[in-house]
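Numbering-wise (this note's numbering), the sequence shown opens with residue 9 and increments by one.
Right, one structure below, let's go through it.
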Amino acid sequence: MKKRIIGVFLLAAVLLICGVVFYQSQKEEDGATLESREVLLDQAISQSKGTQWTIATETKLEDHIVSGAYSTDGKVTLAVFSPLGDGKYEFTASVNRDKDDIVTNTTAINGTRYNLIWFCGAQTEYAEATYIINGQLQPVKRFDTTNMDIICVKIDAATKEYSSHVAYYDSQGNRYE
């Protein structure tokens, strides 16, 4: 009788362990937390473009999340996560560069275009962006970058074509392009 009770407990323990392992293997990251978005980056970005991503900064852009992240092998990314509802997000797109490069990307969110800019290579004070829109040079835009935030510039719907140049500056006046 004692052996039978021990056998039942052992069987229950084995089934419980198998259930936990199965649940963990089937669990999908939902993008609801910073940590789960890091896992989504690891899954979505090819290893040749970076591994073991750490999100350094995020910003909410309309109902999307834009993440600036760096990898253990010297890469950086600007990634966009789209809402799924119930606080969940899915990986939508990313642009990847070497750590010392300024990362820029244009993305459309809910029909509006944005120029995204981020630099993770050094601590800086400000950035200056110069735009040429529809062939016309625009006034220089200056952004505070002391917190290394992602810069998001809304592109006017009437803009047919544009180009940009961005330079970051640290407190000693060093320029990063």
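Where is the CB? At the ideal position from N, CA and C, for every residue including glycine.
Based on Cα-Cα distance, which residue from the options lies nearest to residue i?
| i | options | result |
| --- | --- | --- |
| R105 | T115, A77, F89 and D94 | A77 |
| A101 | K11, S75, K168 and A135 | S75 |
| D38 | P91, I63, T59 and I13 | P91 |
| R121 | S56, V88, K11 and A40 | V88 |
In whole angstroms, what is the alpha-carbon distance linking residue i and residue j?
| i | j | result |
| --- | --- | --- |
| G181 | F127 | 16 Å |
| T80 | W61 | 7 Å |
| Q131 | V111 | 15 Å |
| S171 | F151 | 18 Å |
| E185 | S179 | 15 Å |
| Y176 | D109 | 11 Å |
| L124 | H72 | 13 Å |
From which residue to which residue does the alpha helix (DSSP H) around residue i run?
| i | result |
| --- | --- |
| V47 | L42 to A52 |
Around the Cβ of residue i, are there at least 16 other Cβ atoms within 10 angstroms (buried) or fewer (exposed)?
| i | result |
| --- | --- |
| E133 | exposed |
| I140 | exposed |
| K83 | buried |
| T148 | This sequence places Val at residue 148; Thr is not what is there. Result: exposed. |
| A135 | buried |
| A137 | buried |
Which residues mark the beginning and the end of the beta strand (DSSP E) in which residue i is found?
| i | result |
| --- | --- |
| S136 | One detail in the question is off: residue 136 reads as Glu in this sequence, not Ser. It spans Y134 to I141 - the beta strand (DSSP E) in which E136 sits, taken as one unbroken run. |
| W126 | T120 to F127 |
| T67 | T62 to L69 |
| S102 | K96 to D106 |
| A130 | Taken as a continuous stretch (DSSP letters only), A130 belongs to no beta strand (DSSP E), as it is neither H nor E. |
Counting beta carbon pairs with one atom in the region 53-67 and one in the region 155-168, are three or more of them shorter than 8 Å? yes
Per the contact definition of three or more C-beta pairs closer than 8 Å, is the region 36-51 in contact with the region 83-97? yes
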